[in-house]
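Residue 290 in UniProt numbering is what sits at position 290 of the sequence shown, and the numbering runs on without skipping anything.
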Amino acid sequence: MKSKKVKFIIGGILIGLSVGSYFLFFSSPKDVEPSYNVFTLNPLDPLILKGEVKPAQTEDIFYDQALGTIADIPVKQDQEVKTGDSLLNYLNGEAQTRADQQQRSVNKSSLSAQQAAQNLTRAQTRSNEAQATLNQSQVELDREVDPEKKEEHKAKVEQQKADLTSANNEVIQAQQALDLANTEVTDEAAALETEQGKVSSTVKATIDGVVVVNEAGKKSLEQPLVQVLSKTKQTKGIVTEYDLTKLKVGQEVSVTSIGSNQTAKGKINSINQLPKTNNGGDSEIPTYEFIVDGDFPWAYGSSVQVSLPQPQLVLPERSILTKDNETFVYIYKNGRAVKKDVKISEVNGTKSVESGVSKGTKIINDPDESLKDNAEVQVVEND
Numbered sequence: 001m002k003s004k005k006v007k008f009i010i011g012g013i014l015i016g017l018s019v020g021s022y023f024l025f026f027s028s029p030k031d032v033e034p035s036y037n038v039f040t041l042n043p044l045d046p047l048i049l050k051g052e053v054k055p056a057q058t059e060d061i062f063y064d065q066a067l068g069t070i071a072d073i074p075v076k077q078d079q080e081v082k083t084g085d086s087l088l089n090y091l092n093g094e095a096q097t098r099a100d101q102q103q104r105s106v107n108k109s110s111l112s113a114q115q116a117a118q119n120l121t122r123a124q125t126r127s128n129e130a131q132a133t134l135n136q137s138q139v140e141l142d143r144e145v146d147p148e149k150k151e152e153h154k155a156k157v158e159q160q161k162a163d164l165t166s167a168n169n170e171v172i173q174a175q176q177a178l179d180l181a182n183t184e185v186t187d188e189a190a191a192l193e194t195e196q197g198k199v200s201s202t203v204k205a206t207i208d209g210v211v212v213v214n215e216a217g218k219k220s221l222e223q224p225l226v227q228v229l230s231k232t233k234q235t236k237g238i239v240t241e242y243d244l245t246k247l248k249v250g251q252e253v254s255v256t257s258i259g260s261n262q263t264a265k266g267k268i269n270s271i272n273q274l275p276k277t278n279n280g281g282d283s284e285i286p287t288y289e290f291i292v293d294g295d296f297p298w299a300y301g302s303s304v305q306v307s308l309p310q311p312q313l314v315l316p317e318r319s320i321l322t323k324d325n326e327t328f329v330y331i332y333k334n335g336r337a338v339k340k341d342v343k344i345s346e347v348n349g350t351k352s353v354e355s356g357v358s359k360g361t362k363i364i365n366d367p368d369e370s371l372k373d374n375a376e377v378q379v380v381e382n383d
């Protein structure tokens, strides 16, 4: 009895295996659909670059020993100044000594000019007296009728004419001496004015801004003693050679303060095409500076992040198919793979969409040659 029960159980197992094998090997595969990975086509994430808030203009005033010693600094830390305001006053002791010496030279030349003027006055007086005497003698000569006396008057007139000529020559010489003395006075006075101008001097601001005073600049000629930082600010950013071509002058960006997390709009003003000096060795990646203009309310030196939008739509290489001079992708729509012709451009080694598909389209990431247009597919989304 027991033997019959065992045989019955074994027989049931065999029948079950046979039925299972039939469904396993002979059931229709028509309900099994190919499975693919899909992703949603979206723009690239913004490019984030480091930056620092800087004044748009900076005026550096260094200690100039040639101007003398510092008399005073008439501005204070963080004081606002305008163009033309005094920043630094100098006093030059050597120039004062030279000015004193030059003053003595001016005094001496002035005395010489006074003496020359007096000599000219005396010479003119003698000339005038000689002319008057000659005029009187000429009248007497014209009145005289006695031939003998007339001859005496003639001789007298001739002598007085010679005296007048001599007096006039003295006037000419005195006038020349006075002109020379006056020229010397003018030259010495000009030299005095030059030296006096060096005794004290003032350095004035050439831009509007905020003052930074650095006392260490009195001892070090390599550090500015006074700086004027313009109230207009810029952001100076850094970009590597890999991302340099993504930046364009005039491109709009967002600038975010790391300290306050505040954001301001900006626009790229310039991009330096020469890399920064590499101080870390040849292995470092070259970096380039760029300037962003905008209304940045943060303190000078604040660290910021510059965000550059990247609106281009990039396709993975494996999602793009090419056949019979056609470039296309398969999009996933309503459970089917739909073939879409696309126009692609290569930028910095990436495939950017120019036309054919748009933002938000679901793209089959790994199509194979067996995939056909409008085929039903199963997908796994990788977003």
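All C-beta atoms in this analysis are idealised placements derived from N, C-alpha and C, irrespective of residue type, glycine included.
Residues near residue i in its chain [Cβ-Cβ closer than 7 Å; skip 5 each side]
i    : result
S86  : P74, T202, K204
F296 : V53, K233, T235, V255, A264
T133 : Q160
D366 : Y36, N37, R318
T83  : A205, T206, I207, D208
G301 : E52, V53
A155 : none
E144 : K150, H153
L221 : F62, Y63
Q173 : none
Contacting residues, own chain, Cβ-Cβ under 6 Å from residue i (five flanking each side not counted)
i    : result
V379 : Y36, V38, Y332
E188 : S105, V106, S109
K30  : Any reading at K30 needs caution, since the residue's pLDDT is 46, under 50, leaving its predicted position unreliable; the model's value is listed next. Within the same chain, K30 has no close Cβ partners at all.
A191 : Q102
Q77  : V213
N181 : In the sequence under discussion, the amino acid at residue 181 is Ala, which differs from the Asn named in the question. Excluding positions up to five away in sequence, the list reads S112, A113, A116.
E381 : V38
Q65  : none
D368 : none
Short Cβ contact (7 Å threshold) for residue i with residue j
i           : j    : result
V249        : G266 : no
Q312        : S260 : no
P46         : S303 : no
T240        : T287 : yes
A123        : L178 : no
D72         : N89  : yes
residue 392 : V185 : With the chain represented from 1 up to 383, any question about residue 392 goes unanswered, as that position is not in the structure.
T327        : V342 : yes
I207        : Q57  : yes
L141        : H153 : yes
G237        : L67  : no
Q131        : V157 : no
Nearest-angstrom Cβ-Cβ length linking residue i and residue j, presumed shorter than 8 Å
i    : j    : result
G356 : K340 : 6 Å
L111 : Q175 : Their Cβ separation, rounded to whole angstroms, is 18 Å, which puts L111 and Q175 out of contact at 8 Å.
Q305 : G51  : 7 Å
N272 : E289 : 5 Å
V211 : V81  : 6 Å
I70  : K218 : 7 Å
Close beta carbons around residue i, own chain, < 8 Å, minus the five adjacent residues each side
i    : result
I364 : Y36, N37, V38, S319, V329, Y330, I331, Y332, A337, L371, V377, V379
L41  : L313, L315, V353, V357, S358, K359, G360, T361, K362, I363
Q310 : P43, L44, D45, P46, L47, K246
I344 : L315, I320, T327, K351, S352, V353, E354
S270 : V249, F290, I291
P275 : E241, P286, T287, Y288
Q79  : V210, V211
G335 : E376, V377
S127 : L164, A167, N168, E170, V171
L244 : I271, Y288
Q262 : T256, P297, W298
A216 : Q223
Check whether the segment 166–179 touches the segment 53–64, taking contact to mean three or more Cβ pairs, one atom from each stretch, closer than 8 Å.
-> no
How do the segment 137–149 and the segment 228–248 stand: do at least 3 beta-carbon pairs fall below 8 Å, yes or no?
-> no
Can you find at least 3 beta carbon pairs, one from the segment 85–101 and one from the segment 178–197, that sit closer than 8 Å?
-> yes
What are the start and end residues of each continuous alpha helix (DSSP H) run of 4 or more residues lying completely inside the segment 193–217, in chain order?
-> none
Can you list the beta strand (DSSP E) stretches of 3 or more residues lying completely in the segment 226–276, in chain order?
-> 226–229, 233–240, 252–257, 263–271
Counting only runs that start and end within the segment 326–374, where is the beta strand (DSSP E) found for 3 or more residues in a row?
-> 326–333, 336–341, 343–347, 350–355, 362–364
What are the uninterrupted segments assigned as alpha helix (DSSP H) that are 4 or more residues long and contained completely in the segment 103–182, given in chain order?
-> none
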